[in-house]
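**Q**
Residue numbers (this note's numbering), protein chains in the order written: chain Y, 1 to 338; chain E, 1001 to 1425.
1. Determine the DSSP secondary structure at residue 1308 of chain E, reduced to helix, strand or coil.
2. Leaving out the 5 sequence neighbours to the left and right, which residues in its chain are closer than 8 Å to residue 314 of chain Y when beta-carbon positions are compared?
3. Taking CB distances under 7 Å as the criterion, tell me whether residue 1190 of chain E reaches chain Y.
4. Can you name the residues of chain E whose CB is closer than 9 Å to the CB of residue 270 of chain Y?
5. The alpha helix (DSSP H) that contains residue 176 of chain Y, what's its start and end?
6. Should the segment 1120–1129 of chain E be called in touch with the segment 1242–1262 of chain E, which here means at least 3 C-beta pairs below 8 Å?
7. Among all the DSSP beta bridges, which residues are the ones paired with residue 152 of chain Y?
8. Closer than 9 Å, Cβ to Cβ, to anything on chain E: give me those residues from the segment 120–144 of chain Y, in chain order.
9. Taking the beta carbon of residue 277 of chain Y as the centre, do at least 16 other beta carbons fall within 10 Å, making it buried, or is it exposed?
10. Which class does residue 1120 of chain E belong to by DSSP, given the choice of helix, strand or coil?
11. Spell out whether any CB of chain Y is found under 7 Å from the CB atom of residue 1055 of chain E.
12. Work out the CA separation of residue 331 of chain Y and residue 96 of chain Y for me, nearest whole Å.
13. Does residue 157 of chain Y pass the burial test, meaning 16 or more other C-beta atoms within 10 Å, or should it be called exposed?
14. Buried or exposed: residue 2 of chain Y, going by 16 or more other Cβ atoms within 10 Å of its Cβ?
15. Buried or exposed: residue 12 of chain Y, going by 16 or more other Cβ atoms within 10 Å of its Cβ?
16. For residue 1156 of chain E, is the classification buried or exposed, using 16 other Cβ atoms within 10 angstroms of its Cβ as the cut-off for buried?
17. Closest Cβ-Cβ distance between residue 1028 of chain E and chain Y: below 7 Å?
18. For residue 103 of chain Y, which beta-bridge partners are listed by DSSP?
19. What does the alpha-carbon distance come out to for the pair residue 1070 of chain E and residue 126 of chain Y?
20. Would you kindly check if the distance between the Cβ of residue 336 of chain Y and the Cβ of residue 58 of chain Y is under 7 Å?
21. Is there a Cβ of chain Y sitting closer than 7 Å to that of residue 1111 of chain E, yes or no?
22. Does the segment 138–147 of chain Y come close enough to the segment 164–173 of chain Y to have 3 or more Cβ pairs within less than 8 Å?
23. Who does residue 72 of chain Y pair with in a DSSP beta bridge?
24. Do residue 1387 of chain E and residue 197 of chain Y have their beta-carbon atoms positioned less than 7 Å apart in this structure?
25. Does residue 153 of chain Y come within less than 7 Å of chain E when only Cβ atoms are used?
26. Are the beta-carbon atoms of residue 1160 of chain E and residue 1292 of chain E separated by less than 7 Å?
27. If contacts are defined as beta-carbon pairs under 8 Å, then residue 218 of chain Y and residue 212 of chain Y qualify, I think. What distance do you get, rounded to the angstrom?
28. Can you tell me the Cα-Cα spacing of residue 124 of chain Y and residue 209 of chain Y, whole angstroms?
29. Determine, using beta carbons only, whether residue 1413 of chain E comes closer than 7 Å to chain Y.
30. Run through the DSSP bridge pairs and tell me what residue 236 of chain Y is partnered with.
31. Using the Cα positions of residue 54 of chain Y and residue 280 of chain Y, report the straight-line distance between them to the nearest angstrom.
32. If you follow the beta strand (DSSP E) that residue 254 of chain Y is in, where does it begin and where does it stop?
33. If we define contact as Cβ-Cβ less than 7 Å, is residue 1334 of chain E a contact residue for chain Y?
34. Can you say whether residue 351 of chain Y is buried or exposed, counting buried as having 16 or more other CB atoms within 10 angstroms of its CB?
35. Please list, in chain order, the residues of the segment 89–114 of chain Y that have any C-beta partner in chain E closer than 8 Å.
36. If we cut at 7 Å on Cβ distances, does residue 171 of chain Y have a partner in chain E?
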């Protein structure tokens, strides 16, 4: 093949490959535009005022297609399939308690996207905002509404950056003092100070404004830890616990447990740990769970599973009885107001 | 079908580079080097597109927890180093650098559409491992082709041009991915498809425009024997060079640690942090060609060592109590980029000087693997030192180690005169 033919071959390939590339992008763009149109049969969503301190509400990220997709919305807690009131505030992750909301959202910049954490008051007005170092994954507010915590995934910058780590921050919304990285706390394993460079902390759940539970990973194992903001410590209590969620009475932890024999791409099951006896019990949900569950009340767990719109919310009794039930389609990151 | 093409008589203008003619082409770099640079640029656009969106895809797109990926990172690094040695050896023994490089680029290109089908962390991890295997395979034969395509006296510039093009691709990739995601929210499949098309284009440019062995300059020595690895290691010059590259690699703190220290020193916000690698890349991009050309003039070993002095200066600035002015960040990143510009391509050129053509690929693989393995050990040790004694002490120790390594390397690399470089034909 002479030079001219090579260039012709290259041009032909550029046209074909370019056509495929443009086609794939247009197809994805069309699909994305479709998500902005409400689907017949989907949940009814209308814009309105959302308040976080009204009683008996379920607040969540609305995943239903249409103009209000990804916005924080509410339904009456006893009518989860009812019409949704959508706030206009877009969040990837969200949680609320006692009139304080934490919203982890994407910011679409001119050259790249970034993320931030926004602390909201009961009327979803912004109080403070903080830049985030990576993709948001977990968010929690303490029962009194004073402390908030969030976790993001940070990835390395190396070629095929496959090394991921978490960064978890805790914020006091009265003094606005921020502990940017819980890995800087002292970590005690079996009563001894444990120093490791591979420490990762994620999934905070608050007991009160300064004490909390979370997951620490190091040396290929995960631990349930009790954390304290006052003396900046994390103390390991139990192994193989991820994404803990403390019951309203503070006696039990719902969490995802990596179970033996499960396939490596679906390794987690929903378990409950009794903090007084450290006894583990499985729930009746036997599917893989990758979420930080929420206690709707003292005996019901709510968690996300993949669904037609990305995520549906399911419930199961915390005591291992009963069976899982679909609570809400097209919803993620719920919180329940008193 | 394109492979067969390399047997036909090459167009004279295509080979101008290997026998530089006076005139406009001779002033640039050989056509083959430009072609290999284009292949790397296109391939880096493709791979960096994927790297840029991968965390978001895993977490937001698939709803997966990507933790645990990091655990396998060490394994992948080890595999990639072994594969690189295999790539160099096979390409020397079979005598076809182009074929091995094409297999490497092709494997990585195939991985892009596979990402569309992998929906779990272990599967995606496997695809990325295959992608890295491709990268490991192609690196040594590609550098061997660059070194064989140019006159020995201009190797520094040739590698400089290649590394600059490579870095340009790495900078463009994330931008392309961003434009696609802006046009199509959640369009990760579009990103992977475009990445696959781009990678395929890279392979095609390699097959069409990079000359194969058959039409290259004939060897002045017999083809590699059955044991190119042993032949490489028998050469004292290569042993010394590998030793120095490894020694210096042992004290080269990984980029991410350096950026973390910089962030702490300047109390940089999370928004600015991801931009730090761009500073290094920009300096690398701008300086790779001038430094490569300069290396040809003043001696490549000398510039290779000077590059490490730039890194030492960067460490010094970070350890010193010079305050937290943003100027510090610019100077540190400029020094860090200079370090890469003065060492990355230059090391390949130095290696080419010390290894005969018949075992060139193996020689490059040995030196680069030695360096990569040492850097990996360094990042583990540095992580431990950081947690035990804090970042300042850790970096201070690394700086001391680096100063000693540079001094030892200066002694080890001295016996062969620095300038003019002694090329091995």
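Heads up, the beta-carbon is just placed ideally off N, CA and C, and yes, glycines get one too.
Owing to the predicted nature of the structure, the values given are computational and were not obtained by experimental measurement.
**A** Let me lay it out:
1. Position 308 of the second chain, counted from the first residue, corresponds to residue 1308 of chain E. In the three-state scheme derived from DSSP, where H, G and I count as helix and E and B as strand, residue 1308 of chain E is classed as helix.
2. Here residue 314 of chain Y corresponds to residue number 314 of the first chain, with the count starting at 1. Counting only Cβ-Cβ distances below 8 Å, and skipping sequence neighbours, we find 285, 302, 303, 304, 305, 324, 325, 326 and 327.
3. Sequence index remark: in the second chain, residue 1190 of chain E carries index 190 (1-based). Yes, because at least one Cβ of chain Y sits closer than 7 Å to the Cβ of residue 1190 of chain E.
4. Counted from its first residue, the first chain places residue 270 of chain Y at position 270. For residue 270 of chain Y, no chain E residue has a Cβ inside 9 Å of its Cβ, as the nearest lies near 15 Å away.
5. Sequence index remark: in the first chain, residue 176 of chain Y carries index 176 (1-based). Note, residue 176 of chain Y: premise wrong, no alpha helix (DSSP H); not H, not E.
6. no
7. If you number the first chain from 1, residue 152 of chain Y lands on position 152. Y:136 and Y:167, per the DSSP bridge assignment.
8. Correct list: 130, 131, 132, 133, 134, 135, 136 and 137.
9. Within the first chain, the letter at position 277 stands for residue 277 of chain Y. Under this definition residue 277 of chain Y is an exposed residue.
10. On the second chain, residue 1120 of chain E is found 120 positions in, with the first residue counted as 1. It is coil, neither helix nor strand.
11. On the second chain, residue 1055 of chain E is found 55 positions in, with the first residue counted as 1. Interface residue, yes.
12. Numbered from its first residue, the first chain carries residue 96 of chain Y at position 96. Numbered from its first residue, the first chain carries residue 331 of chain Y at position 331. Residue 96 of chain Y and residue 331 of chain Y: Cα-Cα distance of roughly 15 Å.
13. On the first chain, position 157 is the one that residue 157 of chain Y refers to. Only weak support is given to the placement of residue 157 of chain Y: the predicted model assigns it a pLDDT of 44, under 50, and the value that follows is read from those uncertain coordinates. Label assigned to residue 157 of chain Y: buried.
14. Taking the first chain and counting its residues from 1, one reaches residue 2 of chain Y at position 2. Classification for residue 2 of chain Y: exposed.
15. The sequence position of residue 12 of chain Y within the first chain is 12, counting from 1. Burial call: exposed.
16. The residue given as residue 1156 of chain E occupies position 156 in the second chain. Residue 1156 of chain E comes out buried.
17. Here residue 1028 of chain E is taken as the residue at index 28 of the second chain, counted from 1. It does not; no Cβ of chain Y falls within 7 Å.
18. Here residue 103 of chain Y refers to the residue found at position 103 of the first chain. In the DSSP output, where bridge partners are listed per residue, residue 103 of chain Y has Y:94 and Y:118.
19. The sequence position of residue 1070 of chain E within the second chain is 70, counting from 1. The sequence position of residue 126 of chain Y within the first chain is 126, counting from 1. With a pLDDT of 45 at residue 1070 of chain E, under the threshold of 50, the modelled position of this residue cannot be trusted; read the value that follows with caution. About 35 Å.
20. Within the first chain, residue 58 of chain Y is the residue found at index 58, counting from 1. Within the first chain, residue 336 of chain Y is the residue found at index 336, counting from 1. Result yes, Cβ atoms of residue 58 of chain Y and residue 336 of chain Y sit closer than 7 Å.
21. Along the second chain, read from residue 1 onward, the residue named residue 1111 of chain E stands at position 111. It does not; no Cβ of chain Y falls within 7 Å.
22. Because the criterion of three Cβ pairs below 8 Å is met, the segment 138–147 of chain Y and the segment 164–173 of chain Y touch.
23. Within the first chain, residue 72 of chain Y is the residue found at index 72, counting from 1. Per DSSP, Y:61.
24. Taking the first residue of the first chain as 1, we reach residue 197 of chain Y at position 197. Taking the first residue of the second chain as 1, we reach residue 1387 of chain E at position 387. It is a contact, given that the beta carbons lie within the stated cut-off.
25. Here the question's residue 153 of chain Y lines up with position 153 in the first chain. Yes, contact with chain E.
26. On the second chain, position 160 is the one that residue 1160 of chain E refers to. On the second chain, position 292 is the one that residue 1292 of chain E refers to. Yes, Cβ-Cβ distance for residue 1160 of chain E and residue 1292 of chain E is below 7 Å.
27. Here the question's residue 218 of chain Y lines up with position 218 in the first chain. Here the question's residue 212 of chain Y lines up with position 212 in the first chain. Residue 218 of chain Y to residue 212 of chain Y, Cβ: 18 Å. No contact.
28. For this step, residue 124 of chain Y is matched to residue 124 along the first chain. For this step, residue 209 of chain Y is matched to residue 209 along the first chain. Taking the straight line joining both Cα atoms gives about 21 Å.
29. As a first step, residue 1413 of chain E must be located in the second chain, where it is residue number 413. Judged by the 7 Å Cβ criterion, residue 1413 of chain E is not in contact with chain Y.
30. What you label residue 236 of chain Y is simply residue 236 of the first chain in a count that begins at 1. DSSP, once it has assigned bridges, lists Y:225 as partnering residue 236 of chain Y.
31. Looking up residue 54 of chain Y in the first chain gives position 54. Looking up residue 280 of chain Y in the first chain gives position 280. Rounded to the nearest angstrom, the two C-alpha atoms are 35 Å apart.
32. Start at 1 with the first residue of the first chain, and residue 254 of chain Y comes out as number 254. Segment 252–258, the beta strand (DSSP E) holding residue 254 of chain Y.
33. The residue you call residue 1334 of chain E lines up with position 334 of the second chain. It does not: the Cβ of residue 1334 of chain E has no partner Cβ on chain Y nearer than 7 Å.
34. Absent from the structure is residue 351 of chain Y, since the part of chain Y shown begins at 1 and ends at 338.
35. 92, 108, 111, 112, 113 and 114
36. Numbered from 1 along the first chain, position 171 holds the residue referred to as residue 171 of chain Y. Not closer than 7 Å to any Cβ of chain E, the Cβ of residue 171 of chain Y fails to qualify, so no.
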